[in-house]
Amino acid sequence: MTKWTTTKTVALPALPLSPTSPQGEKAEAAASQHRVLLVTVMGERRGSGGGVGSKCWYLLTMLLALACLVLACLVLYKYVPYVSRPPPTPEPCEITYCAYGATCHANDTDGAYCDCEETCTSVFAPVCGSDGVTYINACHLRRASCNKQESIVIRQERQCDERDPCENTRCPYGAECVRSIDGTTAACECPKACYSYGDNVGGAEVCGSDGRNYPNTCELNKAACENMRNISVVYEGKC
Numbered sequence: 001m002t003k004w005t006t007t008k009t010v011a012l013p014a015l016p017l018s019p020t021s022p023q024g025e026k027a028e029a030a031a032s033q034h035r036v037l038l039v040t041v042m043g044e045r046r047g048s049g050g051g052v053g054s055k056c057w058y059l060l061t062m063l064l065a066l067a068c069l070v071l072a073c074l075v076l077y078k079y080v081p082y083v084s085r086p087p088p089t090p091e092p093c094e095i096t097y098c099a100y101g102a103t104c105h106a107n108d109t110d111g112a113y114c115d116c117e118e119t120c121t122s123v124f125a126p127v128c129g130s131d132g133v134t135y136i137n138a139c140h141l142r143r144a145s146c147n148k149q150e151s152i153v154i155r156q157e158r159q160c161d162e163r164d165p166c167e168n169t170r171c172p173y174g175a176e177c178v179r180s181i182d183g184t185t186a187a188c189e190c191p192k193a194c195y196s197y198g199d200n201v202g203g204a205e206v207c208g209s210d211g212r213n214y215p216n217t218c219e220l221n222k223a224a225c226e227n228m229r230n231i232s233v234v235y236e237g238k239c
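Per our numbering, the sequence shown starts with residue 1, numbered consecutively.
See the structure below:
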């Protein structure tokens with residue numbers, strides 16, 4: 001059983017009263033303001049056919065709305081030109097290259113310009129430059145490169161006259177030579193963490209001499225070091 005509501009419009013006829021009488025004046029005013037009366041009639045409709053019809057009408061309405069939407073998109077695609085937004089304006093330092101270790105600065109007057117670093121910290125972290133000079137830290141090396149307008153890069157992260165402690169060190173069982181903080185001594189340590197770099201060198205799955213598969217060469221060396229065994233790579237891929 002489905003309830004439904006209908007709205008009917010009924011016109012009120014003029015009242016047969018004398019317009020000069022008080023009752024007539026009131027009736028005429030009411031009639032002029034309410035010429036049309038909306039009468040709501042409640043009723044009931046029985047039967048199951050109405051529910052199926054309502055569903056069909058709903059589906060038809062949705063299909064019609066979808067068709068209109070597709071038609072509107074086709075019209076917009078065919079007749080409305082596409083206007084692309086202009087690319088964002090890059091920052092001045094984003095398009096300015098500073099050579100010889102200079103730093104890019106920008107202001108409203110001069111725009112982007114390159115300038116050498118004026119001050120550097122006095123933290124002692126010696127580096128050896130490609131010019132054979134030992135600098136207090138990397139900042140001093142960059143400032144020297146900028147002031148001299150020469151290309152000076154870090155050759156090694158220690159003093160130039162110091163020997164690399166890992167130069168003649170051979171670590172067994174897949175261990176790695178790790179330098180101390182001051183770079184004067186070194187020790188063999190097992191790899192603490194292994195990172196996968198996809199198809200890069202050493203990043204592919206390998207088959208070990210122990211017959212086991214390892215995700216990469218680093219994992220093989222890590223297992224060999226932790227178990228104190230000599231395990232080598234037989235070939236890349238699964239065993």
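C-beta: ideal position from N, C-alpha, C; glycine also.
Inter-residue spacing [alpha-carbon to alpha-carbon] between V233 and K192: For this step, residue 233 is matched to residue 233 along the sequence shown. For this step, residue 192 is matched to residue 192 along the sequence shown. Answer to the nearest angstrom: the Cα atoms are 19 Å apart.
Hey, how far is the Cα of G24 from the Cα of L71? Taking the first residue of the sequence shown as 1, we reach residue 24 at position 24. Taking the first residue of the sequence shown as 1, we reach residue 71 at position 71. Note that G24 scores 47 on pLDDT, short of 50, meaning its location in the model is unreliable; the coordinates nonetheless yield the value given after this. CA-CA distance, G24 to L71, rounds to 59 Å.
Proximal residues to Q33 (C-beta, below 6 Å), its chain only, five neighbours per side dropped: In the sequence shown, counting from the first residue as 1, residue 33 sits at position 33. The predicted model places Q33 with a pLDDT of 48, which falls under 50 and marks its position as unreliable; any figure quoted below should be read in that light. Within the same chain, Q33 has no close Cβ partners at all.
If distances are taken between C-alpha atoms only, which option among T184, A138, Y77 comes closest to I154? Position 154 of the sequence shown, counting from 1, holds the residue named residue 154. For I154, the closest alpha carbon among the candidates T184, A138, Y77 is that of A138.
Any idea which residues DSSP pairs C128 with across the strands? Counting from 1 along the sequence shown, the entry for residue 128 is found at position 128. Per DSSP, the beta bridge partners of C128 are T134, Q156.
Select from E189, S196, R229, D164 the residue whose C-alpha is nearest the C-alpha of C171. In the sequence shown, the residue the question calls residue 171 occupies position 171. For the residues E189, S196, R229, D164, the minimum Cα distance to C171 belongs to E189.
How is the alpha helix (DSSP H) around N168 delimited, first residue to last? Counting from one through the sequence shown, the residue named residue 168 turns up at place 168. Following the DSSP letters along the chain, one finds N168 in no alpha helix (DSSP H), marked with neither H nor E.
Looking at the secondary structure, which residues open and close the alpha helix (DSSP H) in which A241 lies? As shown, the chain starts at 1 and ends at 239. That puts residue 241 outside it, with no answer to give.
What separation, rounded to the nearest whole angstrom, lies between the Cα atoms of L220 and G208? The sequence position of residue 220 within the sequence shown is 220, counting from 1. The sequence position of residue 208 within the sequence shown is 208, counting from 1. So the two alpha carbons sit approximately 7 Å from each other.
Using a Cβ-Cβ cut-off of 8 Å, state whether R212 counts as contacting chain D. Here chain D cannot be found, since the structure has a single protein chain.
Going by the DSSP bridge assignment, what does A175 pair with across the sheet? Within the sequence shown, numbered from 1, the residue matching residue 175 stands at position 175. Note: A175 sits in no beta bridge, so no partner.
By how many angstroms is the C-alpha of R158 removed from the C-alpha of T185? As a position in the sequence shown, residue 185 is number 185, starting the count at 1. As a position in the sequence shown, residue 158 is number 158, starting the count at 1. Each residue's Cα considered, the two are about 12 Å apart.
What span of residues does the beta strand (DSSP E) with A186 cover, start to end? Along the sequence shown, one-based indexing puts residue 186 at 186. First-last of the beta strand (DSSP E) with A186: 186–189.
Between the C-alpha atoms of S145 and R179, what's the straight-line distance to the nearest angstrom? Mapped onto the sequence shown, residue 145 falls at position 145. Mapped onto the sequence shown, residue 179 falls at position 179. Rounded to the nearest angstrom, the two C-alpha atoms are 27 Å apart.
Taking E117 as the reference, give the member of C104, N168, R229, S54 with the closest Cα. As a working note, residue 117 is residue 117 in the sequence shown. The shortest Cα separation from E117 among C104, N168, R229, S54 belongs to C104.
Nearest to S122 (by Cα), restricted to the options T109, C218, V133, H140: Residue 122 sits at position 122 when you count from the first residue of the sequence shown. Out of T109, C218, V133, H140, the CA that lies nearest to the CA of S122 is found in H140.
For G129, count neighbouring Cβ atoms within 10 angstroms of its own Cβ and tell me buried if that reaches 16, exposed if not. The sequence position of residue 129 within the sequence shown is 129, counting from 1. Classification for G129: buried.
Apply the 10 Å Cβ neighbour rule to R212 and answer buried if 16 or more other Cβ atoms are within range, or exposed otherwise. Here residue 212 corresponds to residue number 212 of the sequence shown, with the count starting at 1. When all chains shown are included, R212 counts as exposed.
Check each candidate in A125, L76, C225, Y195 and name the one with the smallest Cα separation from I181. Here residue 181 corresponds to residue number 181 of the sequence shown, with the count starting at 1. The shortest Cα separation from I181 among A125, L76, C225, Y195 belongs to A125.
Taking Cβ to Cβ, would you say A187 is nearer than 8 Å to C225? The count along the sequence shown starts at 1 and reaches residue 187 at position 187. The count along the sequence shown starts at 1 and reaches residue 225 at position 225. By the CB criterion at 8 Å, A187 and C225 fall outside the cutoff.
Based on Cα-Cα distance, which residue from E150, D210, R229, Y58 lies nearest to K238? For the purposes of this step, residue 238 is identified with residue 238 of the sequence shown, where counting begins at 1. The alpha carbon of K238 has as its nearest neighbour, out of E150, D210, R229, Y58, the alpha carbon of D210.
Need the endpoints of the beta strand (DSSP E) that Y113 sits in, please. The residue given as residue 113 occupies position 113 in the sequence shown. Counting along the chain, Y113 sits inside the beta strand (DSSP E) bounded by residues 111–115.
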